[in-house]
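Novice:
Residue numbers (my numbering): 60 to 197.
#1: For residue 171, which of 152, 138, 163 has the nearest alpha-carbon?
#2: Judging by CA-CA distance, which residue of 115, 97, 150 is the nearest neighbour of residue 107?
#3: Which residues does DSSP list as the beta-bridge partners of residue 46?
#4: Mark residue 110 as exposed unless 16 or more other C-beta atoms lie within 10 angstroms of its C-beta, in which case mark it buried.
#5: Assuming residue 114 is part of the alpha helix (DSSP H), what are its boundary residues?
#6: Does DSSP put residue 170 in a helix, a strand or coil?
#7: Whose CA, out of 144, 193, 71, lies closest to the CA of residue 164?
#8: Could you check what DSSP says for residue 77 in three-state terms: helix, strand or coil?
#9: Hey, quick one: how far does the beta strand (DSSP E) through residue 67 stretch, first residue to last?
#10: Are the CB atoms of residue 118 and residue 142 within a distance shorter than 9 Å?
#11: Check whether the Cβ atoms of residue 175 and residue 62 lie closer than 9 Å to each other.
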């Protein structure tokens, strides 16, 4: 269940002024590597420490491949890639390596993962708080 709350939106672009509300995801819990390793080890015959070793090695390989400009397709998980940006220059010759940097690491989910996300259930924070805590607040 994904919990959301209404968030006010104000658009002040001339000719497109608009005010309204949209659904904003509330912060859920964060699962750390240790919890993830424990959960995985409970579902297979590999120990939690072995799973953790594999995850650490995977992270190291991700770093090497992304810094080499490569994409990483993780099977049914999806595709990872580093995206770059730079300063805006007026001449192509001025676009030197020192002006280029990594902007972020992008993730494109696999069709299977994307399809699974289409099955998500949602509940408004106010309704969740009423059900769990007996109070009507967002």
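Yeah, the Cβ is synthetic: ideal placement off N, Cα and C, and Gly gets one too.
Specialist: According to the structure data:
#1: The residue given as residue 171 occupies position 112 in the chain shown. Ranking 152, 138, 163 by Cα distance to residue 171 puts 138 first.
#2: For this step, residue 107 is matched to residue 48 along the chain shown. Ranking 115, 97, 150 by Cα distance to residue 107 puts 97 first.
#3: Residue coverage of the chain in this structure runs from 60 to 197, which leaves residue 46 outside it and unanswerable.
#4: Along the chain shown, one-based indexing puts residue 110 at 51. With 16 or more other Cβ atoms within 10 Å, it is buried.
#5: Here the question's residue 114 lines up with position 55 in the chain shown. Taken as a continuous stretch (DSSP letters only), the alpha helix (DSSP H) holding residue 114 covers 107-126.
#6: The residue labelled residue 170 in the question sits at position 111 within the chain shown. Three-state result, residue 170: helix.
#7: By one-based count along the chain shown, residue 164 stands at place 105. Of the candidates 144, 193, 71, the one whose C-alpha sits nearest the C-alpha of residue 164 is 144.
#8: Along the chain shown, read from residue 1 onward, the residue named residue 77 stands at position 18. It is a strand residue.
#9: The count along the chain shown starts at 1 and reaches residue 67 at position 8. Taken as a continuous stretch (DSSP letters only), the beta strand (DSSP E) holding residue 67 covers 61-70.
#10: If you number the chain shown from 1, residue 142 lands on position 83. If you number the chain shown from 1, residue 118 lands on position 59. Cβ distance not < 9 Å, so residue 142 and residue 118 don't count as in contact.
#11: Along the chain shown, one-based indexing puts residue 175 at 116. Along the chain shown, one-based indexing puts residue 62 at 3. The answer is no: Cβ separation not under 9 Å.
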